[in-house]
Amino acid sequence: MALAERVVGQGRPGEEIEAYVATGQDVEVRAYDGDVESLSSATTSGIGVRLLLTGGSEGARLGFAWAGSLDADVVDSAVEEARDNAAFATPDPDVAFAVPDGVTSAELDLWDPSVASASTDEKVALTVELERRVRDADPRIRQVSSADYGDERVEMALASTTGIRAVSRRTTAYLSAAAIAGEGNDSHVGTGFSVRRGFAELDPDRVVSDAVERATRMLGAVKPPSERITVVFDRRVVSSLLSIVASGLSGEAVVKGRSIFAGRIGEKVATGSFTLVDDPTDARAFSAATHDAEGLATRRNTLIDSGMLRSFLYDTVSARRAGTSSTGSAVRGGFAGTPGAGCRALVLQPGHHDQTAILAVVGEGLYVQSVTGMHSGVNAVSGDFSVGVEGLMIRDGELAEPIREATVASTLQRMLQSVLHVGADIEWLPGIAAGQTLAIGDMQLSGT
Amino acid sequence: MAEVFAEDRQTRSAILDDRRIEELSSGRERGAGIRVVVGETTGFAHTADLSEPGLLAAAEAAAAVARQGGGGTKAVALPPRFTAPERDLTLPSDVAKATKLELLARADDAARGVGAAITQVQAAYGDSRRRVLIASSDGRHAEDDQIRTRFNVSCVATGDTGMQTGYESVARTEGFEVFGRVRVEELATVAANRAVAKLSARPAPSGELPVVLASGSGGVLFHEACGHGLEADHIVKDASVYVGKVGEQVASPLVTLIDDGTVGGEWGNFAVDDEGRAAARNVLIEDGVLTDYMWDWLRARKEGRQSSGNGRRQTYQHLPMVRMTNTFLLAGTEDPDELIAQTPHGVYVAKLGGGSVNTASGDFVFGTSEAYLIENGRLTAPLRDANLIGNGPEILRRIDAVANDFGMMPGTCGKDGQSVPVGCGQATLRITGVTFGGTAG
């Protein structure tokens, strides 16, 4: 914070300055064939400086610069670069920094000391043991293509000439494994992972069983015939799916005419069982945070309520463009990025059934274990949705034979209107959305 | 083996969105990654502190992994440093910011000039200069100065059927002189027309059918269908369908696949890789027969051979691994228009989006961002975006025609959390059957 305040103190008349400082320490271990394959440890730090020239009558001009170092000369030249960049921006009456809005930030404990107190030897031992357990779990496991441990301690400080002061810190630790099951020429990868705030809370049993089950149950998978079908998406897939829906709920996408939800507030955009909330104040969420990327308190925002579109998420600039106020939803990708409006901690209001019960109710359909091509076959602006899938057919309400090399397709708009069941089985996953089983009707399965 | 990788990277970018120059950004990052390999174990540490104490601290941390090592000091005489040849280029840092911003405004005007259906335009300019120095105890000693320039345009078109998007880009390992050849107005017009064409698009088909991939755009097919599977880190871990297949016919005889980090100005170029090995041209598949995999230092050492110049890392904060450079299929002899005319029914993919692959099963997907139905040998209705899915070894055997109109396309390849610039290329070609993942049954 001292550094952030020092930078902010360099503001001249007719300028506003905001400084975002982050420092992190991380450890990564990879095990292979009973030994350590690699061990990395590092400290990184950097600063992002935004500078506003506020003198003009047509609005303010924004410039940005970042540096992967906190050395005084490097930081000073970043301030100069931001100042120079600002001179070239288009004046814009809606461009401004956040000002404190009186909302009190949630009390969240996102720091687990066990990440720092666990020794490197313990972390290495856990990873080597994980690799061995995956390898020995089933005779059909032919390889462990990765068995990784990683942790991170990040501290952030944000200060601005508009009165913002925010500090936060968080830890994360993860354990992951990718197992390859093989029989003859047939081979499949299954992954398992556990992501927590602390070293002590990691769940290696779960990583092993997930990786092994997901690899072995795909053995013998064939390409299915094409048909219209009900699809039950695995929790991990739903987390990615919600992240894509979320891009249309960003106020920035709305004001710039890139959202499938623009102009539809108050309309029924999904089935009645679909209630979507962004709540970064829930400490269980991976991306939980006390402050947003502009230093305002985060808050719980209901986006879709029983299928009805209620609100969008705004940062300061998109809120001003839309004639409203920030919802405390600025996000940024580290010190090298600038803030924009986005989701942090999406979760669906849970339904009444877990996955097994949903499979039983659905009866006949396709259970999708994993998807590929979410970035290449889903267009969040048009809503076109097409992804590669692997999974298991659902027959008589239970998982049956495995399938691969197929796609499922629809549009995001139609999928939201075709939600049949929302799972009660919330799992807090890395990323910006929790995972829950979701059943969606009337999708096109393409295979042979 | 001990190795120091020092990097100094400067980036500049500017974005025009919603008719405004919204974001001018400058970034600077420098530091060193230190790698120590003892037996099968790699220790790695990186630091932004390039002073001698800073580097020594990082070296201690990396070496600490080599627990079984006896310690001690070994003086190493480095050979003369390999230095990249001078190139005649216009350093982007020598070009005024206003000149770069003018490109954005020109692209915006051109895209909006396509018609009232264009409702949003984003244009982005970026350049970077990356200077690297590699020195290792086994005698690698090289430096490189990599200049890259990119420009892209994304458009939204709105009509009765909703919104559609179009994208086009240029990205070169060159300086600002690239804009002497490439007109940003053309990129903008292509992107805008792509979005407008899709407003009248019908749902893509569902199921297996013949597909013709346009020149350049389909290179990502080879990147996914076999490129990743030929990376030696997947091979040594038995995590690829191409393990043990060297010398075997793995593709149609029309397929000769090259990975080449030396092709003039392409996006995946460099003079030396991030382990100090000179970039090279490597033949991966020749007339359908698998000839070799791609190698970095670590995996090559295991096999007692030389790296193929494919050791790359995103920044000094990352460990190097086997990566592609510019991966392309050599051109054939057919006329591209004839090739379409000889396809009674199928889909013509004019522009592909990204893709991804599961190297263990060989199943891969790639998305379309501009495609048309082929009916009676002619292009007819535009199609909405969809993914295609196939199995690498299977699809490589189904290539039955390759045209003579070779083209390249830039891309960003993500692997294990690291992104690097790559190039993909191929001439117009036909696959006899691939599964199209649309909704029209």
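Those sequence lines, one after another, are chains G and U.
Using my numbering, read the first sequence as starting at 13 and increasing by one per residue.
Using my numbering, read the second sequence as starting at 65 and increasing by one per residue.
Don't be surprised by glycine CBs; every beta carbon is placed ideally from N, CA and C.
Rounded to whole angstroms, what's the CA-CA distance from Glu-239 of chain G to Met-455 of chain G? Just pull it up for me.
8 Å
Using a beta-carbon distance below 7 Å, is Leu-51 of chain G in contact with chain U?
yes
What did DSSP end up calling Trp-78 of chain G once you bin it into helix, strand or coil?
strand
What number of angstroms, rounded off, separates the C-alpha of Thr-476 of chain U from the C-alpha of Ala-392 of chain G?
20 Å
Evaluate Ile-59 of chain G with the Cβ neighbour count: other Cβ atoms within 10 Å of its Cβ, from every protein chain shown; 16 or more gives buried, anything less gives exposed.
buried
State the start and end residues of the unbroken alpha helix (DSSP H) segment that holds Val-249 of chain G.
247 to 259
Are the beta-carbon atoms belonging to Gln-313 of chain U and Gly-352 of chain U less than 7 Å from one another?
yes
Indicate whether at least one CB of chain G lies closer than 7 Å to the CB of Ser-476 of chain U.
A small fix is needed here, since residue 476 of chain U is Thr in this sequence, not Ser. Not closer than 7 Å to any Cβ of chain G, the Cβ of Thr-476 of chain U fails to qualify, so no.
Straight-line CA distance for Val-319 of chain U to Glu-458 of chain U?
13 Å
Where His-303 of chain G meets chain U, residues with beta-carbon distance less than 8 Å
In chain order: nothing, as chain U lies at least about 22 Å away.
When we look at the beta-carbon of Ser-81 of chain G and count the other beta-carbons within 10 Å, is it buried (16 or more) or exposed?
buried
Of the residues G:Glu-70, G:His-433, G:Leu-441 and G:Asp-85, the one placed nearest Thr-287 of chain G, counting alpha carbons only
G:His-433
Name, going along the chain, the residues of the region 225 to 254 of chain U whose beta-carbon falls closer than 7 Å to a beta-carbon of chain G.
Gly-226, Met-227, Gln-228 and Thr-229
Can you say whether Ile-453 of chain U is buried or exposed, counting buried as having 16 or more other CB atoms within 10 angstroms of its CB?
buried
Report the rounded CA-to-CA distance for Leu-187 of chain G versus Arg-144 of chain G, giving the unit in angstroms.
14 Å
I'd like to know whether the C-beta of Gln-37 of chain G is nearer than 7 Å to at least one C-beta of chain U.
no
May I ask which residues mark the beginning and end of the beta strand (DSSP E) holding Asp-264 of chain G?
Note on identity: in this sequence residue 264 of chain G is Glu, with Asp being the wrong assignment. Where Glu-264 of chain G is concerned, there is no enclosing beta strand (DSSP E), although the alpha helix (DSSP H) it sits in stretches over 263 to 267.
Here's a check: name, in chain order, each residue in its chain whose Cβ is nearer than 8 Å to the Cβ of Gly-431 of chain U, leaving out the five neighbours to either side.
Leu-416, Gly-417, Gly-418, Gly-419, Asp-449, Ala-450, Asn-451 and Leu-452
Taking Met-13 of chain G as the reference, give the member of G:Val-111, G:Glu-167 and G:Val-146 with the closest Cα.
G:Glu-167
Give a yes or no on whether the minimum CB-CB distance between Ser-285 of chain G and chain U is below 7 Å.
no
Distance CB(Ala-96 of chain U)-CB(Ala-109 of chain U) smaller than 7 Å:
no
Length-filtered (3 minimum) beta strand (DSSP E) runs lying within the region 176 to 255 of chain U:
182 to 200, 205 to 223 and 226 to 236
From the DSSP output, in three-state form, read off Val-314 of chain U for me.
coil
Can the beta-carbon of Val-248 of chain U be found closer than 7 Å to that of Leu-321 of chain U?
no
Kindly say whether Ser-192 of chain U, judged by its beta-carbon, lies nearer than 7 Å to any beta-carbon of chain G.
no
Assess contact between the region 441 to 456 of chain G and the region 407 to 418 of chain G, defined as three or more Cβ pairs (one per stretch) separated by less than 8 Å. Is contact present?
no
Using 7 Å as the limit for Cβ to Cβ distance, is Lys-268 of chain G near chain U?
yes
Quick check for students: name the residue ranges of the beta strand (DSSP E) that lie wholly in the region 267 to 330 of chain G, counting only runs of 3 or more.
288 to 290 and 313 to 317
Note down, in chain order, all residues in the region 414 to 427 of chain G with a beta-carbon under 7 Å from any beta-carbon belonging to chain U.
Arg-416, Glu-417, Ala-418, Thr-419, Ala-421 and Ser-422
Starting from Ala-185 of chain G, trace the beta strand (DSSP E) in both directions and tell me its first and last residue.
177 to 195
Under 8 Å, with one C-beta from each stretch per pair, do the region 203 to 217 of chain G and the region 38 to 53 of chain G reach the 3-pair mark?
no
Going by C-alpha to C-alpha distance, which of U:Leu-460, U:Ala-175, U:Arg-266 and U:Ala-187 sits closest to Ala-221 of chain U?
U:Ala-175
For the region 183 to 190 of chain U against the region 152 to 169 of chain U, are there 3 or more C-beta pairs whose distance is under 8 Å?
yes
In angstroms, rounded to a whole number, what distance separates the CA positions of Arg-356 of chain G and Ser-388 of chain G?
23 Å
Against chain G: residues of the region 104 to 117 of chain U by CB proximity under 9 Å
Glu-104, Thr-105, Thr-106, Gly-107, Phe-108, Ala-109, His-110, Thr-111, Ala-112 and Asp-113
Flag this pair as yes or no: are the beta carbons of Thr-293 of chain G and Ala-118 of chain G separated by less than 7 Å?
yes
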